[in-house]
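Enquirer: Protein chains in written order, with our numbering: chain G, 29 to 98; chain H, 484 to 635.
I have a structure I would like to understand better, so I am pasting it below and will then ask my questions one at a time.
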């Protein structure tokens, strides 16, 4: 049930993203538009990079042993 | 069940995996998720503020389009450095202060995060840009104009 709910939420988010890209109207920004705007300021770039770095580190790198073994 | 030898109520076999009290839930679950949500809302408000200030915010201007390689390297290093410091702050606040993890995790984040940021991400992005420029030159298009938005 929980997985289905996640699927629905993700589907809705992707559907809105597609709508925002097609509509090309500032009243209906796609998430990529929001991120691109935030990326234009230095603090925004730092925050996005930090979030991206944390995500990659937490999921894939944390606790690495040389060479690539967990 | 708290692992044998764990200090007080902070250390757990895996942070947040075995909440004992409501404070554990608050520290490991509520605050991190709430912070992520607040951060996302801040992104949206930032977009809205810029939209009100500048009107059409969908004009794509990239500060490094057509810039020299030195400027691109400095741009990427500045972005990676600032982001890396914020990343360490995230680890310190959410893993050590709130999560009660061992300080060795901060050492891991220092080493692994810097490797990821400065040995993988920055060189990788430079390699991609190099490839992109090579393809452009082979196609005879040369370097793009500096900071000019694409025609609509």
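Note that the Cβ used here is the ideal one computed from N, Cα and C, for glycine as well.
Is the distance from the Cβ of residue 76 (chain G) to the Cβ of residue 89 (chain G) below 9 Å?
Expert: Against the first chain, residue 76 (chain G) aligns to sequence position 48. Against the first chain, residue 89 (chain G) aligns to sequence position 61. The answer is no: Cβ separation not under 9 Å.
Enquirer: Who are the neighbours of residue 587 (chain H) on chain G, taking C-beta pairs under 8 Å?
Expert: Position 104 of the second chain, counted from the first residue, corresponds to residue 587 (chain H). Going along chain G, no residue has its Cβ under 8 Å from residue 587 (chain H), so there is no contact; the nearest lies around 11 Å.
Enquirer: Smallest Cα separation from residue 560 (chain H): which of H:512, H:606 and H:535?
Expert: Working through the second chain from its first residue, we reach residue 560 (chain H) at position 77. When only C-alpha atoms are compared, the closest one is H:606.
Enquirer: Using CA atoms only, rank isn't needed, just tell me which of G:54, G:58 and G:51 is closest to residue 42 (chain G).
Expert: The count along the first chain starts at 1 and reaches residue 42 (chain G) at position 14. When only C-alpha atoms are compared, the closest one is G:58.
Enquirer: Measure from the alpha carbon of residue 87 (chain G) to the alpha carbon of each residue in H:586, H:599 and H:587, then state which is nearest.
Expert: Your numbering for residue 87 (chain G) matches position 59 in the first chain. Comparing Cα positions, the closest option is H:599.
Enquirer: Ignoring anything shorter than 4 residues or poking outside the region 552-605 of chain H, list the alpha helix (DSSP H) runs there in chain order.
Expert: 552-573 and 587-597
Enquirer: Output, in chain order, the set of chain H residues within a Cβ distance shorter than 7 Å of residue 72 (chain G).
Expert: The residue labelled residue 72 (chain G) in the question sits at position 44 within the first chain. Here the neighbours are 529.
Enquirer: Throw me the rounded Cβ distance for the residue 588 (chain H) and residue 579 (chain H) pair, which I believe falls under 8 Å.
Expert: Within the second chain, the letter at position 105 stands for residue 588 (chain H). Within the second chain, the letter at position 96 stands for residue 579 (chain H). The pair is a contact, with the Cβ atoms about 7 Å apart (cut-off 8 Å).
Enquirer: List the endpoints of the continuous alpha helix (DSSP H) containing residue 60 (chain G).
Expert: To locate residue 60 (chain G), count along the first chain from 1; it is residue 32. Looking at the DSSP string, the run of the alpha helix (DSSP H) that includes residue 60 (chain G) is 59-66.
Enquirer: Which residues mark the beginning and the end of the alpha helix (DSSP H) in which residue 622 (chain H) is found?
Expert: What you label residue 622 (chain H) is simply residue 139 of the second chain in a count that begins at 1. Here residue 622 (chain H) belongs to no alpha helix (DSSP H), and DSSP marks it neither H nor E.
Enquirer: For a contact meaning CB atoms closer than 8 Å, what does residue 75 (chain G) contact in chain H?
Expert: Counted from its first residue, the first chain places residue 75 (chain G) at position 47. Counting only Cβ-Cβ distances below 8 Å, residue 75 (chain G) has contacts in chain H at 522, 566 and 569, in chain order.
Enquirer: Would a C-beta distance cut-off of 9 Å place residue 515 (chain H) and residue 570 (chain H) closer than the cut-off?
Expert: As a position in the second chain, residue 515 (chain H) is number 32, starting the count at 1. As a position in the second chain, residue 570 (chain H) is number 87, starting the count at 1. Not in contact: residue 515 (chain H) and residue 570 (chain H) (Cβ atoms no closer than 9 Å).
Enquirer: Might you give, ordered along the chain, the residues of its own chain that have their beta carbon closer than 6 Å to the beta carbon of residue 502 (chain H), omitting 5 neighbours on each side?
Expert: Against the second chain, residue 502 (chain H) aligns to sequence position 19. Answer for residue 502 (chain H): 508, listed in chain order.
Enquirer: Residues in the same chain with beta-carbon distance under 6 Å from residue 520 (chain H), minus the five sequence neighbours each way, listed in chain order, please.
Expert: Taking the second chain and counting its residues from 1, one reaches residue 520 (chain H) at position 37. Answer for residue 520 (chain H): no residue qualifies.
Enquirer: Measuring only the C-alpha atoms, how far is residue 528 (chain H) from residue 623 (chain H)?
Expert: Indexing the second chain from 1 puts residue 528 (chain H) at position 45. Indexing the second chain from 1 puts residue 623 (chain H) at position 140. When rounded, the distance between both Cα atoms is 42 Å.
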